[in-house]
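First residue of the sequence shown? That's 1 in the UniProt record's numbering, and the numbers climb one at a time after it. Ideal Cβ placement from N, Cα and C applies to all residues, glycine included. Worksheet: the structure to be examined is printed underneath.
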Amino acid sequence: MAAIKPFADDAFKGYAITDTTNWTDFTVMGYKPKPFTEDDVEVAITHCGVCGSDVHTITAGWGAITPPLVVGHEIVGIATRVGQNVTEIKLGDRVGVGAQIASCFTCKACKNHNENYCPNMIDTYGGEYPDGTKTMGGYSLAIRANKLFAFHIPDGLASEDAASMLCAGLTVYSPLVRNGCGPGKKVAVAGIGGLGHYAIIFAHALGAEVTAFSHSPNKKDDVLKMGADKFVISSEKGFEQQFQREFDIIICALNVSEGFPIGQYLTMLDVEGIFVMVGLPEGNLPALTAFNLLPNGCRLSGSHLGNHEEMITMLQLAADKGLKPWVEKMPMKDAGKAVQAVKDGKVRYRIVLEQDLEL
């Protein structure tokens with residue numbers, strides 16, 4: 001094994017977007033990393049998943065950005081530098097970094113292990129540290145992350161499989177476990193893209209009965225292989241009728257529009273069941289009335305990433321059970337092709353970029 005060397009500050013570079021009107025055109029550029037501290041882990045990146053968030057960001061769908069920007073927040077690599085205050089990771093370990101790279105560590109949310117809801121959280125890319133350093137993501141050579149947001153990848157879990165779990169996987173795993181997913185529970189998953197495919201995989205692994213809802217009949221074989229017990233074509237009239245008050249949890253992985261039949265979905269929840277939106281559409285949510293919520297006392301919720309402990313237990317569950325996401329690998333130089341495929345909805349079900357940059 002080659003000697004592990006830390007990165008000099010002037011060695012950081014990545015595939016950057018310089019213009020949101022040409023969002024498939026990535027340019028290799030250098031940038032300033034955060035100063036390394038004894039609470040940090042530096043990671044030489046080997047893999048980075050392509051997330052829908054990357055596309056929403058580089059197309060300015062979620063709002064204006066300030067280029068140049070390196071995106072990517074499903075990062076796996078090798079620890080090349082480990083601060084003295086870091087206990088969970090050692091030099092040479094495989095390490096994952098997800099969509100959050102820092103928090104304030106002092107607010108009520110942080111102290112209650114809800115750092116993913118810190119009002120001053122810092123995103124892995126497109127964020128800013130208190131010293132003014134801009135955060136750059138994982139379509140790059142290396143990254144530095146606070147120890148709370150750097151995770152040891154268990155043996156038995158391939159790097160290309162772990163990568164997309166670090167955002168997409170955690171995004172559905174957290175609301176599943178926080179809402180009691182397990183044996184005896186019934187979970188519905190609406191929308192079978194990258195997030196939905198993970199919701200099926202993890203709900204099944206946690207022991208729940210899983211029903212998948214999709215408007216694409218040609219995904220039936222896929223979802224049954226992922227672990228779903230039932231498949232329902234949601235574009236058919238009255239699709240919800242056979243499932244009245246059936247589910248404890250509905251994970252909605254769709255970018256729901258104003259025409260989405262949310263009222264029909266809510267009728268499928270058991271008393272005090274919960275509908276969790278994990279997709280983040282660019283437009284308005286569908287209209288609701290109070291009478292959509294009253295008959296079964298159902299709850300409507302969002303969810304943002306997950307906390308440190310949830311990430312660790314998710315990765316270990318995946319390793320212990322040999323869970324395999326459906327992943328297509330591409331060289332990092334093909335990031336433009338990858339984001340276009342995500343934008344066009346042509347991915348089944350995640351793309352992971354493999355490192356091809358050199359010092």
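**Q.** Option in D25, P6, N112, V95 with minimal Cα separation from L69
**A.** Checking every option, the nearest Cα to that of L69 belongs to D25.
Q. According to the Cβ coordinates, are G77 and A109 closer than 7 Å?
A. Cβ distance not < 7 Å, so G77 and A109 don't count as in contact.
Q) What whole-angstrom Cβ distance do H56 and L280 have, given they're in contact under 8 Å? A) Their Cβ separation, rounded to whole angstroms, is 7 Å, which keeps H56 and L280 in contact under 8 Å.
Q) Under the three-state reduction of DSSP, which class applies to K111: helix, strand or coil? A) Shown here, K111 sits in a helix according to DSSP, grouped into three states.
Q: Compare the C-alpha of D40 against each of G49, N146, L300 and name the closest.
A: Per the Cα distances, N146.
Q. Taking just the CA atoms, how far does V271 sit from I65?
A. Rounded to whole angstroms, I65 to V271 spans 42 Å at the Cα level.
**Q.** Cα-Cα separation, D19 to L305
**A.** Cα to Cα, D19 sits roughly 28 Å from L305.
Q | Whether R94 touches G194 by CB criterion (7 Å) | A | No, the Cβ-Cβ distance between R94 and G194 is not below 7 Å.
Q: Would you check if the distance between the CB atom of P175 and the CB atom of V276 is smaller than 7 Å?
A: Cβ distance < 7 Å, so P175 and V276 count as in contact.
Q: Kindly indicate which three-state DSSP category A79 falls into: helix, strand or coil?
A: Of the three classes helix, strand and coil, the one that applies to A79 here is strand, per DSSP.
**Q.** Nearest-angstrom beta carbon gap, C252 and G273 [assumed within contact, 8 Å]
**A.** About 13 Å; that fails the 8 Å criterion.
Q. In the segment 200-263, which residue ranges form an unbroken alpha helix (DSSP H) of at least 4 residues, counting only runs that do not cross its ends?
A. DSSP runs (the alpha helix (DSSP H)) wholly in the segment 200-263: 220-226.
Q. From the DSSP output, which residues share a beta bridge with T87?
A. Beta-bridge annotation (DSSP): T87 is not paired with any residue.
Q. Can Y139 and A168 be called in contact, C-beta distance under 7 Å?
A. Cβ distance not < 7 Å, so Y139 and A168 don't count as in contact.
(Q) Measuring only the C-alpha atoms, how far is I101 from Y31? (A) I101 and Y31: Cα-Cα distance of roughly 17 Å.
**Q.** Distance, P35 Cα to Y129 Cα
**A.** Roughly 10 Å between the two C-alpha positions.
Q | Y15 - containing alpha helix (DSSP H), residue span | A | Element bounds for Y15: not the alpha helix (DSSP H) but the beta strand (DSSP E), 13-17.
Q.
Between which two residues does the alpha helix (DSSP H) holding V278 run?
A. Annotation: V278 is outside any alpha helix (DSSP H) and is labelled neither H nor E by DSSP.
**Q.** Rounded distance between the beta-carbons of V352 and A212, thought under 8 Å
**A.** Going by Cβ atoms, the distance from A212 to V352 rounds to 23 Å, so no, they are not a contact pair.
Q. Got a sec? Which residues, its chain only, sit under 7 Å from I143 by beta carbon, not counting five neighbours each side?
A. Here I143 has V43, I45, I75, V97 as same chain residues with Cβ atoms under 7 Å from its own Cβ, once five neighbours each way along the sequence are excluded.
Q | Contact under 7 Å by Cβ, V71 with I58 | A | Yes, they are a contact pair.
Q: Within the segment 116-144, note down every full beta strand (DSSP E) run reaching 3 residues or more, in order along the chain.
A: Entirely contained in the segment 116-144, not one beta strand (DSSP E) run reaches 3 residues.
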